[in-house]
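Remarks on the structure that follows.
Chains as they are written, first to last, in full-length UniProt numbering: chain A, 1 to 445; chain B, 1 to 1011.
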């Protein structure tokens, strides 16, 4: 009996275990190369790329844009958030580090799709599907680089996926012209590949047009900006909802106001509301409307229907109420039709078409239940009116900082004495990790 | 594995199989005595004259032996004639060879003061303590098992030289950090390996809910009362047989077992007591708070907020109320324990059966801990050659949990301590409201509903076959199964549950199975050569699975099950790894004078790729017992003297992800618009492999003055190569990091253990034990500095110890301006991040414990002190509470802030307030880094043994009544409550004290009863 038992042990040890005992495969993830090999996997990878876009947009990237403006105050204890409000962002700031990584994660996911679909003719996928997926990947990459260049200026241009340690590191920064050229190339590639459809949650040809309108506004190509804005503004699928708050109140999503918004639901939660809502609504209210904004929004002549952006808690404190849903499924608004009105208004003002500029401005004001601005021939005055309108129209969206930097008004409006602060510092952790990255001038690291 | 290549693994397999069958089982012919004479006797203690039960009495020249009964009596029936030569042995007594010429005989046994004959378990075999080569310490747990903590490892603080126990928190049953001879790894696990009766058990918490950075201790599932003794294996010689898991030391736990020939006994241990915080924080009153806030606003030229209501202010400072939240959060907690065990044995069977219940409230409401446990250990001799047995423990550990660490949501001390005292818990309408972004304390305490139940089975089944007197084969199957069921329900009155409730339920299961075979050989040749040999193998598989569900949106607070939620989400996780090991050891002793051994373990891990899977961990040890040399033979004051040394390599792969070496794509939480997504998750590192620690040890053991003074001295040097390190990848890759073998860390130090019997009289005795150790940790190689902890307070960099504090050095407060002046390290005239520097670390210069034991007649008194000298603590509570009014309504102000600079000429180290993270109240300011040295009066215990006359009448063999105080005093300069507190249980964030309750002072009464 003992012999048999020992024989059993010996057999157990010597045979069964020797060959495959140490082979264990993961279940939560899959291990291996060529993961994108057919239509289903390409579609899944595309969803993964949207998730990357959504992740960096949900809190970090947007917060850089509005905290650096003049609408929001910080009630929490971490000074790294206060740095945006004080316009003294240090290279060690953790939000910029997380945003940098999030943006390049989005770029890498897009690159994986682009490489698999562009280079692999044998891929089991129809031509239409291939164009649809590839076009969206280009658009995601374009938007990611657009957001990178807006924060930091020119950045390293990565257009191939990373498959091994050592790849896509040590790439020097391109200048901002080269970065914008890459964005335009990607937008144009997407424009060509994508169908002219209306879908407010993913990229279509129309979404790309809207993005191009914004792109040309930043490039100060007024003609092109107006042309691309017109394509959306003449499309009956899009309209300004009246009153202002109709695009976000009552848990609505994908309204006719929306050109592109990032989708959330009860299973795909957006943590953004937690920063805004007061404790009684399960948030931290660490970001709150500041006194100046409260005053503007509660004054009928300036706030109008936009006063719905804020509310008061049980201790009489104001809080931002654009992101409020429970479960936390507030969309991230990337482009609304109101922006295209204001793009056309601004471009028209620059192109000296003041009548169009005032008309577009008043369209946006009207649905905010504000009185119309009278006609004017004063370009500066019109541009200021558009600037003020954008501040309130997009009070808690990712615009204010980029607008003021783009128009060269940031130093004056925000009282920034050192001009180098208009570009944020490259995260210190990135310079440590990749010494070829050159810091923006003026910063110590 | 490819069939064409004869891998190393297969060679080992074949070798093993060969060894297994090469041995003939030659049975021993049994000596059958001719029954014609009877020898009777009784064995008593030389001192107490009390009979000793269980002494092995053997007739010389025959294998036959008997054991003494309850009354110390034994009886032989033998064919020999008087006089007889008897061999007597019993643990704790000197071995005796005695010639008997009368029957019945009375034999007195002498206690061995330093238990040199005591047997010590060393990697799969046992050795007499005098012949030990490795650095191993044996701690009988009896002395400390009545300290009210959740897990036995917390009770070991100060008991073992070189074993640093950081308790982190006053919450019973929470995980602590144990470091044996320093720390060797940055990103893998630094915990020692825990082996309970041969079962390698999981010591990593299965907790998934957020309790503010803390985690529960899986070691608390074990009832300390069931532990006979604990052995701590420190050097490479001792740990090498545990190979890949030995780098951080090994803690071997041996539970109680019955003894053959021992009559049935029942032990009952009961205690009950009260625990309370020794002190609480000093806070400003509402008025003081208002004054400081006004002063801050004056400083920066803003209007004062605390002016009369008529002027639009919050009321004058003198009008402010003070609300005491601390006394609502803290309580006098109850601690209760009851254990009962039944044990004994016949000639062939030995058993131990026990049940225990332990309930401890935390001093911080509403946290509590309870454990019900059951154990059954059995050893059965089937015949002279075969023995089988089993160890089994089943326990249920329940916890009411609360966030007692970092906040803000649900943080108990955030609500109780960090909320300004002037703010009422009610708003103008009389509704309870949370202030400063934290929960309302009363609502929080009344509605807290977070808890877990850990169901744990640890057990094994073994069979032993004595192939010959020298050869023995043993096979064991072991299982460690843990089901961890946790839940949290936050109703809509709490921040986390607003606006309509949040519930989570998670069930995690960790299963480890182990199969192990060992073959041992031990033989004494020509009376001076002792040869030992051991070969063995282990196969192990560990699986972890987690299923978790979350529900949001409940109709009312009366509905708490996720099934009633409007929205539910769920998730699942799974992990598995395997380990295959082969090991061998050979030892040789000449005349018990020169001792040498060599061991080797080969471990293969499924976590690594082929070609990098196998690690080989050798060790060699030498010892020289000088006392056995002629020149010391006659030196009577030296009873034993031994020099020993060892060198070896051990490994570590614990705590890293099971698939860390692979290229991974994930599908977890990656859906968009409800349709599934996949994302590249991790880059491959094909070369990922073992972390390797080499260790050199030299030590001296001595027993002097009739064994009344003994000491052990050790010096060690450890060097870790290929340290597992999470390296940052440039963000441009689309990945944050990957795991690599690149760090190098050294630890060196010494340890001294001293035992002294100061006085040994008939009715009075006094003995002292002292241990002290020093460890110097240094990061030898780290390509890029790494920060950890809030505000980057902790920095790892090459040339400095791990866990170093990285702060601005505040030199003084300028008496003229009230501004803090910091050391300008780079001398550029500005204070920037470049001026942060390492000022101390969590490592003490020295640490250890001192215990004194006194007995007087039937009384016994024990005092036990632990100490730590030279370690730093960052008082993060004070960082928040000393912002000089700049945090206004968002944070408490500590009373210590009242010492601030107010006018030119003031000499103080608290500067005037200039705002958050400006010059004077900078993040990472060195002002809050404090000396964490302490001397703690860990236990004071007084016991009384009821006299035998009374006991005999009650037929009780032993009754001890005792009173004990734990953490009676702590002498420290640290201004917080407990220098051991840490907000985060994560090893790389130790020493940052925030929102954590202190270890309480407790008093208890108890009895130990043996029937």
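We treat Cβ as the ideally placed atom computed from N, Cα and C, and that holds for glycine.
Values in this document were obtained by computation on a predicted structure and should not be read as measured data.
Compare the C-beta of residue i against all C-beta atoms of chain B and say whether one is closer than 8 Å.
i	result
residue 429/A	yes
residue 105/A	yes
residue 448/A	Given that chain A is displayed from residue 1 to residue 445, the structure contains no residue 448/A and the question cannot be resolved.
residue 315/A	yes
residue 108/A	yes
residue 213/A	no
residue 443/A	no
residue 164/A	yes
From what residue to what residue does the beta strand (DSSP E) around residue i run?
i	result
residue 529/B	529 to 552
residue 85/B	84 to 89
residue 371/B	368 to 381
Hey, could you find the ends of the alpha helix (DSSP H) residue i is sitting in?
i	result
residue 715/B	Residue 715/B -> not in any alpha helix (DSSP H); beta strand (DSSP E) instead, spanning 709 to 728.
residue 344/A	337 to 350
residue 94/A	94 to 119
In chain order, what residues of the same chain have a beta carbon less than 7 Å from the beta carbon of residue i, not counting five sequence neighbours either side?
i	result
residue 150/A	402
residue 496/B	409, 410, 490 and 502
residue 54/A	262 and 332
residue 433/A	none
Which one or two residues does DSSP pair with residue i in a beta bridge?
i	result
residue 55/B	According to DSSP, which records beta bridges pairwise, residue 55/B is partnered with nothing at all.
residue 503/B	489/B and 551/B
residue 318/A	312/A
residue 75/B	40/B
residue 623/B	595/B and 644/B
Does any CB atom of chain A fall closer than 8 Å to the CB of residue i?
i	result
residue 108/B	no
residue 806/B	no
residue 489/B	no
residue 665/B	yes
residue 681/B	yes
residue 604/B	yes
residue 28/B	Note that residue 28/B scores 36 on pLDDT, short of 50, meaning its location in the model is unreliable; the coordinates nonetheless yield the value given after this. No, residue 28/B does not count as interfacial toward chain A.
residue 506/B	no
residue 731/B	yes
Excluding the five sequence neighbours on either side, which residues of its own chain have a C-beta within less than 6 Å of the C-beta of residue i, listed in chain order?
i	result
residue 463/B	388 and 475
residue 439/B	415, 494 and 495
residue 289/A	310, 318 and 320
residue 337/B	271 and 358
residue 381/B	348 and 387
residue 751/B	161, 162, 714 and 773
residue 141/A	107, 110 and 186
Using a Cβ-Cβ cutoff of less than 8 Å, which residues in the same chain neighbour residue i once the five nearest sequence positions on both sides are dropped?
i	result
residue 457/A	Residue coverage of chain A in this structure runs from 1 to 445, which leaves residue 457/A outside it and unanswerable.
residue 204/A	194, 195, 196, 197 and 198
ask   = If you measure beta-carbon to beta-carbon, which residues of the segment 284 to 295 of chain A are closer than 8 Å to chain B?
value = 284, 285 and 286
message = To be precise: take each residue of the segment 567 to 598 of chain B, compare its Cβ to all Cβ atoms of chain A, and keep it if any distance is under 7 Å. Which residues remain?
response = 567, 569, 573, 574, 576, 577, 578 and 580
inquiry  = Tell me which residues of the segment 903 to 919 of chain B have at least one Cβ-Cβ distance to chain E shorter than 8 Å, keeping chain order.
reply    = In the structure shown, chain E cannot be found, because the protein chains are A and B.
ask   = Any residues in the segment 781 to 811 of chain B with a beta carbon nearer than 9 Å to a beta carbon of chain A? Which ones, in chain order?
value = 784, 785, 787, 790, 791 and 792
task = Taking only beta carbons into account, state which residues of the segment 403 to 436 of chain B come closer than 7 Å to chain A, listed in chain order.
result = 408, 427, 431, 433 and 434
key: Where the segment 676 to 700 of chain B meets chain A: residues whose CB sits under 9 Å from a CB there   = 676, 677, 678, 679, 680, 681, 682, 683, 684 and 685
ask   = Given a limit of 7 Å on CB to CB distance, which residues of the segment 250 to 281 of chain A reach chain B?
value = 263, 265, 266, 267, 268, 279, 280 and 281
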